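Right, one structure below, let's go through it.
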Amino acid sequence: MIIYHGSAADIIKPDLSFARDRTDFGRGFYTTPIKEQAYKWAKRFQRRSGKSYVSLYEINETVIRNDCLILEFAGYSDEWIDFVITCRNGNDKSDYDVVIGGVANDKVFNTIELYFDGLIEKSEALRRLKYESAILLPVSSSY
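Under the working numbering, the first residue of the sequence shown is numbered 89, with each subsequent residue one higher.
Okay, structure coming up:
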């Protein structure tokens, strides 16, 4: 499987030193199987820092599915939004190696914030969301 990472740095292999706290799926190295999405992420970094790169990685999906503890969301759901809010609050204590599912892109970030601030109900937040896919990779192994 081919996955992509868009950022302000050319990253040869997944590296947690580029990870940030309080993100949708917690601290980790975010990738996507959607090439166009990685380019969108890279353009966002280019606006901020003047640099952008899209890195490509080939992973063995069978090895990951057999050897890693995976949390996978098929789409936006109550469980997904609860997990995102927990991670964004910095309260994620899960032991997942890999998290697969939609992330709150720029278009839906505001929706998550409205729900986070208690201004809309969970059902309304879920109704407004657009699905985008991300795969949070473990960085301790080579796949």
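A virtual CB, placed ideally from N, CA and C, is assigned to each residue, including glycine.
Small disclaimer: the values here were computed from a predicted structure and weren't measured.
Per-residue DSSP class, three states only, for residue i
i	result
Thr199	helix
Phe161	coil
Tyr219	Caution is warranted here: a pLDDT of 47 is assigned to Tyr219, below 50, making its placement in the model unreliable, and the coordinate value is therefore given only provisionally. Correct three-state label for Tyr219: coil.
Ser228	Here the model assigns Ser228 a pLDDT of 41, short of 50, so the residue's position is not dependable and the matter cannot be decided.
Ser140	coil
Leu207	coil
Ile100	coil
Where the beta strand (DSSP E) through residue i begins and ends
i	result
Tyr118	Phe117 to Thr119
Which residues DSSP lists as bridging residue i, in chain order
i	result
Glu212	Looking at the DSSP assignment, Glu212 forms no beta bridge with any residue, so it has no partner.
Ile91	Tyr145
Cβ distance (whole Å) where residue i is taken to contact residue j below 8 Å
i	j	result
His93	Ser137	No, His93 and Ser137 are not in contact; Cβ-Cβ is about 15 Å, not under 8 Å.
Phe113	Cys175	6 Å
N-terminal and C-terminal residue of the alpha helix (DSSP H) that residue i is part of
i	result
Arg176	Asp166 to Arg176
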